[in-house]
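If you count by this note's numbering, then the sequence shown holds residues 236 to 818, one letter each, in order. For glycine and all other residues, C-beta sits at the position ideal for the given N, C-alpha and C. For reference, the structure discussed in these notes is given below.
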Amino acid sequence: MTTDQVLVGISSILALAVGSQVLAHWLRLPSLIILLPVGFAAGALTTDVDPQQLLGPAFQPLVSLAVAVILYDAGLGLDMAKLRGDTRGVVIRLIVTGVPITFCFGAGLAVLLLGMGTSSALMLGAILVVSGPTVVGPLLAYVQPTARLQRVLAWEGSLIDPIGGILGAVIFHALLASTYHGLGYQVGQFVLSVVIGLVGAALGVGALWLCLRRLELGEVLGTSVQLAVVVAVAGACDVVREDAGLIAAIGMGVALSNLPGFDVAARRPFFETMVQLIIGVLFISISATVTPTSLANLWLPTIGLVAGLVLLARPLVAVVATTRTELTKGERRFTGWMAPRGIVAAATASTFGTQLAFASLPGAARILPVTFLVIVATVVIYGLTAAPVARYLGVTRPTRARPLLVGGEPWVIDLARTLQGAGLDVAMWAASEEQRTQIAGAGLELAEGELLAAATATGAELEGITSVLFLTEDDDFNALASTVMAGRPETTVYRLAPREPTHGVIAPYTGAETVFAPTLTHTGLTSRHDAGARTVAVPADGGVPTGADLLFLIEPDGSLLPETPAHSLSPQAGDTLVLLPAA
Numbered sequence: 236m237t238t239d240q241v242l243v244g245i246s247s248i249l250a251l252a253v254g255s256q257v258l259a260h261w262l263r264l265p266s267l268i269i270l271l272p273v274g275f276a277a278g279a280l281t282t283d284v285d286p287q288q289l290l291g292p293a294f295q296p297l298v299s300l301a302v303a304v305i306l307y308d309a310g311l312g313l314d315m316a317k318l319r320g321d322t323r324g325v326v327i328r329l330i331v332t333g334v335p336i337t338f339c340f341g342a343g344l345a346v347l348l349l350g351m352g353t354s355s356a357l358m359l360g361a362i363l364v365v366s367g368p369t370v371v372g373p374l375l376a377y378v379q380p381t382a383r384l385q386r387v388l389a390w391e392g393s394l395i396d397p398i399g400g401i402l403g404a405v406i407f408h409a410l411l412a413s414t415y416h417g418l419g420y421q422v423g424q425f426v427l428s429v430v431i432g433l434v435g436a437a438l439g440v441g442a443l444w445l446c447l448r449r450l451e452l453g454e455v456l457g458t459s460v461q462l463a464v465v466v467a468v469a470g471a472c473d474v475v476r477e478d479a480g481l482i483a484a485i486g487m488g489v490a491l492s493n494l495p496g497f498d499v500a501a502r503r504p505f506f507e508t509m510v511q512l513i514i515g516v517l518f519i520s521i522s523a524t525v526t527p528t529s530l531a532n533l534w535l536p537t538i539g540l541v542a543g544l545v546l547l548a549r550p551l552v553a554v555v556a557t558t559r560t561e562l563t564k565g566e567r568r569f570t571g572w573m574a575p576r577g578i579v580a581a582a583t584a585s586t587f588g589t590q591l592a593f594a595s596l597p598g599a600a601r602i603l604p605v606t607f608l609v610i611v612a613t614v615v616i617y618g619l620t621a622a623p624v625a626r627y628l629g630v631t632r633p634t635r636a637r638p639l640l641v642g643g644e645p646w647v648i649d650l651a652r653t654l655q656g657a658g659l660d661v662a663m664w665a666a667s668e669e670q671r672t673q674i675a676g677a678g679l680e681l682a683e684g685e686l687l688a689a690a691t692a693t694g695a696e697l698e699g700i701t702s703v704l705f706l707t708e709d710d711d712f713n714a715l716a717s718t719v720m721a722g723r724p725e726t727t728v729y730r731l732a733p734r735e736p737t738h739g740v741i742a743p744y745t746g747a748e749t750v751f752a753p754t755l756t757h758t759g760l761t762s763r764h765d766a767g768a769r770t771v772a773v774p775a776d777g778g779v780p781t782g783a784d785l786l787f788l789i790e791p792d793g794s795l796l797p798e799t800p801a802h803s804l805s806p807q808a809g810d811t812l813v814l815l816p817a818a
């Protein structure tokens with residue numbers, strides 16, 4: 236290809252990846268629903284978007300390294316201290332029973348319906364085990380199931396990605412080795428891969444600990460270091476033992492997320508931005524390699540495979556894993572209706588399937604197109620039906636707002652009690668033990684967790700938060716925390732305006748949208764409260780009394796809208812006004 240063609244191809248892939256994610260965000264859909272058909276259409280209709288032509292032999296190694304980065308990020312979300320109580324038992328049972336059941340169904344149906352050889356069917360079964368947070372998370376954010384159900388499904392999706400990646404590597408090595416060697420040799424080779432991967436993970440964790448803890452690198456350089464270390468370690472491990480890099484990447488992520496004193500939650504949002512771009516580029520690239528010709532004779536048998544996975548395998552997993560647990564009947568049934576496939580399935584199919592096809596394994600050429608069709612079908616099925624099924628089963632959260640108020644001063648507690656009295660489910664977080672004691676004494680829900688992690692709702696205990704308001708006396712903390720929290724479509728973020736336009740290091744220049752009238756800074760609100768002013772919730776019929784300030788508007792459906800300098804509220808009949816009267 237000419238230089239101009241390469242430039243056009245690479246820029247087109249990047250533009251399509253980001254454009255598809257923007258469109259998905261605007262439509263409030265999982266990005267896969269847009270990325271997969273866009274990539275497929277681009278590959279089918281043009282000759283420019285062809286990563287195998289653009290990158291040649293480098294394409295598959297780059298896919299492997301991209302998967303390593305994605306699995307490392309998935310590992311960062313696996314803080315096992317947050318997987319506790321009843322959730323832990325249900326999630327463990329879903330993994331322990333779900334992986335073998337789904338694997339057997341996938342492999343068996345591939346043989347029966349697709350006519351694949353046993354070896355290729357085993358590889359496909361391992362690939363179809365994974366689901367992943369990149370597709371489950373957006374679906375759950377859209378469906379808004381009960382907090383307990385969301386925790387269970389989110390943790391299952393996060394854990395099954397690395398487990399599925401390891402299982403895929405096991406099957407892949409076993410299939411390649413079985414051509415020339417016996418079972419003992421295969422087991423030994425896999426153990427060798429695991430050892431190399433764990434050694435690489437240990438070295439990578441040491442390097443990251445040195446760079447991020449001892450050298451105290453900033454967030455921008457720290458993110459670059461994480462990417463460089465993950466790619467370098469995964470690549471080196473793959474050179475020594477093919478696909479040991481996946482094990483190393485998973486190990487690094489899990490180790491860092493559980494390392495005492497290492498605040499991964501504060502650093503992860505910056506790395507997630509890079510991962511989202513990688514996911515978009517990877518999906519466009521992989522989808523573009525699937526040709527219409529390769530799908531021609533696979534549509535109908537793959538529909539049968541999807542039906543078996545959706546209607547038989549997943550419900551069976553849910554029955555076995557959730558029976559005699561504290562999940563309600565509706566929650567158990569909905570668990571049986573949520574198992575979409577995502578990025579790791581596509582990437583492992585591209586990596587392992589292509590290499591097995593080069594090894595002339597019977598049926599291996601079908602692995603990638605079948606996986607592509609399964610991903611499209613499951614995302615569409617669950618994306619279109621999950622919300623109505625959840626409503627039918629009665630497992631959705633109330634539509635009323637659930638704000639998180641960050642701050643523990645008396646006026647913040649007074650505001651939280653007013654919102655709670657108006658029918659909202661309010662949560663609070665504060666730094667000092669004295670403030671936390673006062674919050675609990677006021678009968679308000681107290682969010683647990685570390686400073687930035689809890690305040691930015693990254694802990695598993697805060698699912699369902701619809702908005703976060705940073706109301707502390709530290710203007711810089713409000714600005715910094717709101718910046719970290721921003722960009723999550725399911726949660727709106729607000730903060731108090733700084734007490735002076737130039738006050739603070741960060742507050743004047745960054746952060747989320749400010750709330751309330753310009754005079755109602757932390758100083759102004761504290762002064763009004765000290766003078767005797769208390770927030771009240773009144774019907775909107777009488778309008779805003781003279782001298783009072785409008786803080787929030789609660790609509791009849793329970794939506795909470797704050798008054799901001801940029802958006803002045805227009806109360807309607809039936810609304811509830813939250814006011815701060817004159818002192």
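Helix, strand or coil at proline 645 [DSSP, three-state]: Here the question's residue 645 lines up with position 410 in the sequence shown. For proline 645, the three-state secondary structure derived from DSSP is helix.
Alpha carbon to alpha carbon, what distance is there between alanine 574 and alanine 531? The sequence position of residue 531 within the sequence shown is 296, counting from 1. The sequence position of residue 574 within the sequence shown is 339, counting from 1. Using only the alpha carbons, I get a separation of about 26 Å.
Using a Cβ-Cβ cutoff of less than 7 Å, which residues in the same chain neighbour glycine 486 once the five nearest sequence positions on both sides are dropped? Position 251 of the sequence shown, counted from the first residue, corresponds to residue 486. Gly432, Leu433 and Ala436.
Could you please give the first and the last residue of the uninterrupted beta strand (DSSP E) stretch that includes valine 771? Here residue 771 is taken as the residue at index 536 of the sequence shown, counted from 1. Residues 771 to 774.
With aspartate 308 as the anchor, note down where its alpha helix (DSSP H) starts and where it stops. In the sequence shown, residue 308 corresponds to position 73, counting from 1. It spans 294 to 311 - the alpha helix (DSSP H) in which aspartate 308 sits, taken as one unbroken run.
Classification of alanine 690 by the beta-carbon crowding that lies within 10 angstroms, buried from 16 upward: In the sequence shown, the residue the question calls residue 690 occupies position 455. At alanine 690 the pLDDT is 42, less than 50, meaning the model places this residue with poor confidence; the figure from the coordinates comes in the next sentence. Counting the other Cβ atoms within 10 Å of the Cβ of alanine 690 gives 16 or more, which makes it buried.
Rounded to the nearest angstrom, what separates serine 702 and serine 393 at their Cα positions? Numbered from its first residue, the sequence shown carries residue 702 at position 467. Numbered from its first residue, the sequence shown carries residue 393 at position 158. Going from the Cα of serine 702 to the Cα of serine 393 covers about 24 Å.
Where does arginine 576 fall in DSSP's three states? Residue numbering aside, residue 576 sits at position 341 when the sequence shown is read from its first letter. Arginine 576: coil per DSSP, three-state reduction.
What is the DSSP secondary structure of serine 702, counted as helix, strand or coil? Within the sequence shown, residue 702 is the residue found at index 467, counting from 1. In the three-state scheme derived from DSSP, where H, G and I count as helix and E and B as strand, serine 702 is classed as strand.
So, is serine 355 buried or exposed, given that buried needs 16 or more other C-beta atoms within 10 angstroms? As a position in the sequence shown, residue 355 is number 120, starting the count at 1. The residue in question, serine 355, is buried, as its Cβ has 16 or more Cβ neighbours within 10 Å.
For leucine 814 and threonine 508, I'd like the C-alpha separation in whole angstroms. Numbered from its first residue, the sequence shown carries residue 814 at position 579. Numbered from its first residue, the sequence shown carries residue 508 at position 273. Within the model, the alpha-carbon separation for leucine 814 versus threonine 508 is close to 38 Å.
Pop quiz: alanine 597 and glycine 352 are said to be a contact at Cβ under 8 Å. What is the actual Cβ separation, rounded to whole angstroms? Taking the sequence shown and counting its residues from 1, one reaches residue 597 at position 362. Taking the sequence shown and counting its residues from 1, one reaches residue 352 at position 117. Going by the sequence as given, residue 597 is proline instead of alanine. Proline 597 to glycine 352, Cβ: 4 Å. Contact.
The ligand GDP heavy atoms versus the CB of cysteine 446: any closer than 6 Å? This structure lacks the ligand GDP; in fact it carries no ligand of any kind.
Does DSSP classify threonine 653 as helix, strand or coil? Here residue 653 refers to the residue found at position 418 when the sequence shown is read from its first residue. Correct three-state label for threonine 653: helix.
Measuring alpha carbon to alpha carbon, tell me which of Val464, Val466, Leu447 and Val465 ends up nearest glycine 457. Numbered from 1 along the sequence shown, position 222 holds the residue referred to as residue 457. Proximity to glycine 457 across Val464, Val466, Leu447 and Val465 peaks at Leu447, based on C-alpha coordinates.
For leucine 443, does the three-state DSSP call read helix, strand or coil? Within the sequence shown, numbered from 1, the residue matching residue 443 stands at position 208. It is helical.
Does the region 553 to 560 come into contact with the region 618 to 626, if we say contact requires no fewer than three beta-carbon pairs (one atom in each stretch) closer than 8 Å? Flag = no, the region 553 to 560 and the region 618 to 626 do not touch.
C-alpha gap between glycine 515 and phenylalanine 294, whole angstroms: Taking the first residue of the sequence shown as 1, we reach residue 515 at position 280. Taking the first residue of the sequence shown as 1, we reach residue 294 at position 59. Computed Cα separation, rounded: 15 Å.
By Cβ distance, which residues of its chain are closer than 7 Å to glutamate 548, with the 5 residues on each side in sequence left out? Residue numbering aside, residue 548 sits at position 313 when the sequence shown is read from its first letter. Checking the sequence shown, residue 548 turns out to be alanine, not glutamate. The answer, listed in chain order, is Ile336, Thr337 and Phe340.
What separation, rounded to the nearest whole angstrom, lies between the Cα atoms of glycine 643 and proline 604? Locating residue 643 in the sequence shown gives position 408, where the first residue counts as 1. Locating residue 604 in the sequence shown gives position 369, where the first residue counts as 1. Glycine 643 and proline 604: Cα-Cα distance of roughly 55 Å.
Can you tell me whether valine 464 is buried or exposed? The criterion is at least 16 other CB atoms within 10 Å of its CB, across all chains shown. Counting from one through the sequence shown, the residue named residue 464 turns up at place 229. Valine 464 comes out buried.
Near isoleucine 269, what residues of its chain come up, given a Cβ to Cβ distance below 7 Å and the 5 sequence neighbours on each side ignored? As a working note, residue 269 is residue 34 in the sequence shown. Exclusion of the five residues before and after isoleucine 269 leaves Ser255, Leu258 and Ala259 as the residues of its chain whose Cβ lies within less than 7 Å of its Cβ.
Three-state secondary structure (DSSP) of methionine 351: Here the question's residue 351 lines up with position 116 in the sequence shown. In the structure shown, the three-state DSSP call for methionine 351 is coil.
How many angstroms separate the CA atom of glutamate 480 from the CA atom of proline 800? Within the sequence shown, the letter at position 245 stands for residue 480. Within the sequence shown, the letter at position 565 stands for residue 800. Contrary to the premise, residue 480 reads as glycine rather than glutamate in this sequence. Rounded to whole angstroms, glycine 480 to proline 800 spans 51 Å at the Cα level.
Does DSSP put valine 728 in a helix, a strand or coil? The residue given as residue 728 occupies position 493 in the sequence shown. Taken through DSSP and simplified to helix, strand or coil, valine 728 comes out as strand.
Alpha-carbon to alpha-carbon, leucine 679 and alanine 662: Counting from one through the sequence shown, the residue named residue 662 turns up at place 427. Counting from one through the sequence shown, the residue named residue 679 turns up at place 444. When rounded, the distance between both Cα atoms is 7 Å.
Work out the CA separation of valine 475 and valine 627 for me, nearest whole Å. In the sequence shown, counting from the first residue as 1, residue 627 sits at position 392. In the sequence shown, counting from the first residue as 1, residue 475 sits at position 240. The question names valine, but residue 627 in the sequence shown is tyrosine. Each residue's Cα considered, the two are about 52 Å apart.
Nearest to valine 647 (by Cα), restricted to the options Glu790, Gly423, Gln673 and Met720: Reading the sequence shown from its first residue, position 412 is the one you call residue 647. Scanning Glu790, Gly423, Gln673 and Met720 for the CA closest to the CA of valine 647 turns up Gln673.
Limits of the beta strand (DSSP E) - the one that phenylalanine 787 falls within: Looking up residue 787 in the sequence shown gives position 552. If you look at phenylalanine 787, you'll find it in the beta strand (DSSP E) that goes 784 to 789.
Specify the secondary structure class of leucine 456 as computed by DSSP and reduced to three states. Within the sequence shown, residue 456 is the residue found at index 221, counting from 1. Leucine 456 falls in the helix class under three-state DSSP.
Determine the DSSP secondary structure at glutamate 748, reduced to helix, strand or coil. Start at 1 with the first residue of the sequence shown, and residue 748 comes out as number 513. The three-state reading of DSSP puts glutamate 748 in strand, counting E and B together.
Note down the Cα distance separating phenylalanine 705 from valine 387, rounded to an integer number of angstroms. Stepping through the sequence shown from its first residue, residue 705 is reached at position 470. Stepping through the sequence shown from its first residue, residue 387 is reached at position 152. For phenylalanine 705 and valine 387, the gap between their C-alpha atoms comes out near 28 Å.
DSSP-derived helix/strand/coil call for valine 525: What you label residue 525 is simply residue 290 of the sequence shown in a count that begins at 1. Valine 525 falls in the coil class under three-state DSSP.
Under three-state DSSP, which class holds proline 780? On the sequence shown, residue 780 is found 545 positions in, with the first residue counted as 1. Three-state DSSP puts proline 780 in coil, outside helix and strand.
Are the CB atoms of leucine 262 and valine 611 nearer to each other than 7 Å? Here the question's residue 262 lines up with position 27 in the sequence shown. Here the question's residue 611 lines up with position 376 in the sequence shown. For leucine 262 and valine 611, no; Cβs fall outside 7 Å.
Where do the N-terminal and C-terminal ends of the beta strand (DSSP E) with valine 813 fall, by residue? Here residue 813 is taken as the residue at index 578 of the sequence shown, counted from 1. For valine 813, the enclosing beta strand (DSSP E) has its first and last residue at 811 to 815.
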